[in-house]
Structures are given as structure tokens and as C-alpha cells.
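Each remark here refers to the structure printed beneath this line.
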Amino acid sequence: MEFVCVNPSLLKISLSKEVYTIDVVYKCFYWYSGKYSVTINEGLSTIEIDLELGEGIQKVDGLIKRLKIDLIDFKTRDIVSKETVNIRELLVAKAFAHGDEFDESPPGEIADTPTNC
Amino acid sequence: MENIRNKRNRKFRTREYYGNSASDYHLLPFRFIELSESKEILVNEVGESLIVPRGTALKIAQRCIAENDPIIPDLISRFFISRKPIPELIDVLATRYRTKKSFLDSFTSLHIFVLTLRCNHSCHYCQVSRVTENREDFDISYNDIDLGIDHMFKSPSKKLTIEFQGGEPLLAFDKLEYAIERITRLNKDFKKELSFVVCTNATVFNTKNLQFLKEHNVLISTSLDGPEFLHDANRPKTGRNSYQLVLNGINYARKMVGHDQVSALMTTTRLSLDYPIEIIDNYLENGFNNIFLRPISPYGFALKNKTKNIYDDKKFLEFYKKGLDHIIKINQRGRYFVEDYTAILLKKILTPFCTNYVDLQSPSGIINNVVVFNYDGRVYASDESRMLAERNDLTFLLGHVSDSYESIFYGKKSKELSKYWSNESLAGCSDCAFQSYCGADPVYHYASQGDFEGFRPTSGFCLKNMGIIKHLFELMDFRKEEVMPIFISWISN
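In order, the protein sequence lines correspond to chains Z and H. The opening position of the first sequence corresponds to residue 86 in our numbering, with each subsequent residue numbered one higher. The opening position of the second sequence corresponds to residue -9 in our numbering, with each subsequent residue numbered one higher.
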């Protein structure tokens, strides 16, 4: 991860693709695109991002700190989202299924003795 | 919503129940957002939340939670993680998901009839194009009322709410009378649960119309913008002082139809932003038990007077927070008084249920919950849609009341809109922790940003709702003892 403040209006960021996927980068920088002009270029091993603000970027250190936190958060969201895609689909299918189409058999048998007794 | 700090002592279940290693679990769908530098909010797929130390979501995802961490049982019992790839109680979770989306079961329930564009007020924020009192050619026709009612009874919903709007709908009282009598007569066969609402400025009441409203159990919704100087500035009326007329009307209506049958709504103009306390106190003084701190809708003719009506959404957030704080103090002094928008959100955050509030639904309330039959026979996707139409933007025109039910409700326009009405699939919303509390609003985003999907980083809808929901979580965490009894009382009533 590399941050270079080229001039008062331009911050260049370089991220390793081994660490951050392009999906994570797009989702993270989407939220910066309201204030900044964001350019994302995908290279072979890195993703290069330009953040530009015509009037000049104030408090660059604070911005870099926020970016680092946001990148970790969006990477975490990506992990959870990708790992849970199937269970989420199953959940929605069950929720809107007619009758007992997707019902699971409850564990154990009706005649089971309650374990806490 | 529960703070795990208070959950350190666990009984009944042994360590073995939770497995032998911390990484021995599977993730369930959840989202998170920073609450403060030291805390974050986790929200699962059915809207259940936990406030946890910052970094917990990352630890959960990386399986770095220590085996004996007291959060583990919370995460399992609240469906953030599972010991099995498919949790044993997945059907319970599915039922809760279905419950959160149960507003979809009944399809369109709110049917708005715009009886006339005639009005005796000239409010600068009025979202529609009103005409003077004598222009009866701007009234809905009896035939269009009939056709609208026929469509309404085709709705699968067991409960139907019929809202009469204008202009000032009581200026077309004959049409209102006709519509209610016909609906009541036809309902002897349909047997739906009916609710009637009339949205009136409360200045044209008389014994005849109030007696009729009472006989048919019609709720009266009026507009009161706060103290006299503010109300009269927002809602000018030629010749007479609107505030006094409205108060006289409210009191007259309360006497005739019952105190609880009369409610009021306020609209926040730029002038209102400086007076949240005064507005709330005015509602209290006038015997109301609730207020809806409602921002102006940036639609239609409200845009013609930008200096009075358009303001920074951050200013509204400040107004809301200040107002809510004042309302909390009122409740602490023993007076039950509710902020309606907060109560809607709290119900979504703290209970397994959904609400019928159409602006905070996904799929969106347009068509799915509300439809508008306009005075000219045109059918629109929502009240806001007809406001756009009054400025010649027919984007949300679904058809004419003489068209078939299928072409209006399931036609090309509905299908096109459906691509943008679920926040689960919108950029910026799909990862948002507050997704299950919020909604999608293609009409707002089209009106304010020019496209149905909207651009979240600059969306006023997003800024307002994110800001309010986060503020509620802050209150429930940092001022828990103080606010929770009040908040619970709001959603229990």
C-alpha cells in the first residue's frame, strides 16, 4: 500500500492486488467519488487510484488514515459477503417458498428425551 | 439491539456446546458500520444488531475471536455465525426474514384519490399546482372515481387505506361523499378492512362535512407548521390568518369527530430549521401526543421557491437531533410524546416486524404499497410521482384509470422501476449495515439526482437516513438507561 501526495490537489494510491480485489477497491472508493474525482486503473499486480480535488486536499494525513480504515472495512465486508452468498440465497428462497418446499427436518426425533432434563 | 458489555455472565450452556476452537464456525450474512472510534454496529440479515468493539467484524471474518470470548454465544444466538454450514434454526431465520418483508404480502394497500386541485391556501412549499377555489374543472370526475375504486378492490390486500387529497379535498366534498359511500356499499361484498383518511387544511369544516366524516370513521390529517408566525409564513392564506383558522378547525373537528381522530403534520422549511423547540412545544400546547419532524420534499412546485424551501440536508439533521433531544426531555418529565419518524425506525431496529411506512421499504413502497389516482384520471406510482407530473414530468405515470389493472400495476413502467426499487441491489446500499432499516426511493433519486438508482455519496435520502439511524444507535448506546424506556414505550403503543 503506497500513498503519494503528488501535489496539493492529487493523491496517488497504489494497492497490491494480492491484498485488495478490484471489487473491494471500487466499493471503497465509490464513497469518495462524491467529493473527489476518482480514477482507478487496474495493472498486472497493482491497482492505481488517483484522488483529485480541484480546491486542494485538506488534511492529507487524516484522509490517508480514513482510507486505510475504509479499505480494511470493505475488505471485511467482501469476505463476509462472498462467504455467505449461498446461505443468503437459501435463506431468501426459504423465506419466500410456498409451503414446506425448502423446510429442513428438525434435528433428532420427536421421541427424544429433552437433553436438559 | 443489545450491547454485549452487559452479557458477561452466561449460564445453562457448557463450553463444549460452542465447540473446541474459535475458528470452528461458519459466517452468516451480516453487515457492519463504524459507530465511533471504539465501537461498531453489526446488523444481520433480519435486522438484529449488536454494538461491539471496533474491529470485531474483522476478527469474526478472520476467525480471530478467542474461544472463550463472551461474544461467541451472542453471535451464535443472534445468527451472525453458525456452528454448522446451515444453522439448525435456519427456518426460524427464514421466518424472520419473511416477517421483515411481510409488507409485500398484501401488495397495494394505500390508495390515494386526488379529488381536486382547488385550494384556498397558497403555501410556497406546496408540491402540487393548486388552482383557485372556483375552478371545478380541476375536480376528479365521478367516472374516474368509479374506475379507481374498481381497481382498488382488485388489490389482494385485506386492508385498504383510502386517502383523499387535493388541493383541498373538502372543497370537492360531493366527490368525497360519493367515493366513501360507493366504497362502503361495495365493501359489503368484498369485506376488506377499510380505513379512510382525509388530508385537509382544516379551514373548510362545517357541521355537514364533519358529521359525514364522523359517521364514516374518517381520520382527519391536517397541516400545522408550528407557532403562528412560522405557520402563517409557510402557509399563507389570502385575507385571513391561517394559523387561527387551522386551530379553530382542529378544535371544532375534535369536538365533532373525537380528539384522536385528528392528527397533524408539519413541513420543515428553511425558516422552520431555527425553531425545532418552538414547533414541538406548539404541538404539545395544542394537545397532540406526537409530531413527525418531516423534511420538505424537493419536488414539484416546492422547487419554484428555492430560497424558502431548499436547504442543506445536514441542517435538517441538526434540526432533527435538537428536536429529538427536546422530545426525550419532555418524556422524561412524564409527558408521553412521540417523534413519529423515530418510532418507525425504532420498530424496524428493535422488533422483528416491518412497518407500513412507504418511504422506508425495500422493495420500495411505490406501486407495491401505494398508488395515486389523480384528479385528471391519470395513475401515478406515488404522491411524489404526481408532484413531478405537475411540472410536466410524466416519468412515473403508470397509465390512465381507464386502463386495465394489469397494465397499470404490472405494466412496462412498473417492470422498469422494479430494477431500482430494492436497496439490496443498489450501489452503496448493498453493503450498508442499515439496509434492513432503510429503503429504496427511485422517485426521490430521480427528482433530486436525475436517475432512478441514485448516487449514494451525495444523496440527501442517504445522508438523512444514515445520519438519523446512526444517531439513534448512539443514543441507545451512550444514553441507554435514559432513552431506552422512552423508546420502548413508543414502539409498544
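For each residue, glycine too, the CB sits at the ideal point set by N, CA and C. Bear in mind that the values here come from a model prediction, so they are computed numbers and not experimental data.
Within the DSSP secondary-structure output, Gly389 of chain H pairs in a beta bridge with H:Val369.
Under the DSSP assignment, Thr259 of chain H falls outside any beta strand (DSSP E); it carries neither an H nor an E label. Apart from the 5 residues on each side of it in sequence, Gln425 of chain H sits with its Cβ closer than 7 Å to the Cβ of Arg21, Asn413, Glu414, Cys419 in its chain, given in chain order. Taking 8 Å as the threshold, the shortest C-beta distance from Thr131 of chain Z to chain H does not fall below it. Among the residues of the region 438 to 471 of chain H, those with a Cβ less than 8 Å away from any Cβ of chain Z are Phe445, Arg446, Pro447, Thr448, in the order of the chain. Nearest CB-CB separation between Glu103 of chain Z and chain H: not below the 8 Å threshold. Within the region 148 to 176 of chain Z, those residues whose Cβ lies closer than 8 Å to any Cβ of chain H are, in chain order, Ile154, Ile157, Asp158, Phe159, Thr161, Arg162, Ile164, Val165, Ser166, Glu168, Thr169, Ile172, Arg173, Leu175, Leu176. The beta carbon of Lys144 of chain Z does not come within 8 Å of any beta carbon belonging to chain H, so the residue lies off that interface.
If you check each beta-carbon in the region 115 to 129 of chain Z against every beta-carbon of chain H, the ones closer than 9 Å belong to Tyr115, Trp116, Tyr117, Ser118, Gly119, Lys120. Residues of chain Z with a Cβ closer than 8 Å to the Cβ of Pro19 of chain H are, in chain order, Val165, Ser166, Thr169, Ile172, Arg173, Leu176.
When the beta-carbon positions are compared, Leu48 of chain H and Thr161 of chain Z come within less than 8 Å of each other.
In this structure, Ala417 of chain H lies away from Glu374 of chain H, with their beta-carbon atoms at least 8 Å apart. Taken through DSSP and simplified to helix, strand or coil, Gln201 of chain H comes out as helix.
Residues of the region 86 to 99 of chain Z with a C-beta less than 9 Å from any C-beta of chain H: none at all.
Contact of Gly216 of chain H with chain Z by beta-carbon distance below 9 Å is absent, the smallest such distance being about 33 Å. Taking a C-beta distance under 8 Å as the contact criterion, Asn346 of chain H and Thr98 of chain H do not qualify as a contact pair. For Ala51 of chain H, the nearest CB of chain Z lies under 8 Å from its own CB, placing it at the interface with that chain. Among the residues of chain Z, those whose CB is under 9 Å from the CB of Gly418 of chain H are Lys112, Tyr115, Trp116, following chain order. Here Glu153 of chain H has Ile102, Val187 as same chain residues with Cβ atoms under 6 Å from its own Cβ, once five neighbours each way along the sequence are excluded. Residue burial annotation: Lys112 of chain Z is buried, with at least 16 other C-beta atoms found within 10 angstroms of its C-beta. The beta carbon of Leu65 of chain H is closer than 6 Å to those of Ile71 in its chain, skipping five residues each way along the sequence. For Lys296 of chain H, the three-state secondary structure derived from DSSP is helix.
Separation of Ile481 of chain H and Glu78 of chain H (C-alpha to C-alpha, rounded to the nearest whole angstrom) is 31 Å. Remark: fewer than three beta-carbon pairs, one from each stretch, lie closer than 8 Å, so the region 227 to 239 of chain H and the region 123 to 137 of chain H are not flagged as touching.
Exposed is the label assigned to Pro146 of chain H, since fewer than 16 other Cβ atoms lie within 10 Å of its Cβ. Identification of chain Z residues near Arg88 of chain H by a Cβ-Cβ cut-off of 8 Å yields Ala180, Phe181, ordered along the chain. By the C-beta density criterion, His221 of chain H is buried, having at least 16 other C-beta atoms within 10 angstroms.
Each of Z:Ile149, Z:Val110, Z:Leu129, Z:Glu127 was checked against the Cα of Leu95 of chain Z, and the nearest Cα belongs to Z:Ile149.
Nearest CB-CB separation between Leu307 of chain H and chain Z: not below the 8 Å threshold. By the beta-carbon neighbour count (other beta carbons within 10 angstroms, threshold 16), Val123 of chain Z is buried. Residues of the region 23 to 37 of chain H with a C-beta atom less than 8 Å from some C-beta of chain Z are Glu24, Glu35, listed in chain order. Checking the DSSP bridge columns, you'll see Gln155 of chain H partnered with H:Val104. The Cβ atoms of Leu255 of chain H and Ser287 of chain H do not sit closer than 8 Å to each other. Note: Lys149 of chain H is bridge-paired with H:Glu183 in the DSSP secondary-structure output. For Ala379 of chain H, none of the residues of chain Z pass the 7 Å Cβ criterion, the least Cβ distance being about 29 Å.
For Lys153 of chain Z, the enclosing alpha helix (DSSP H) begins and ends at 145 to 168.
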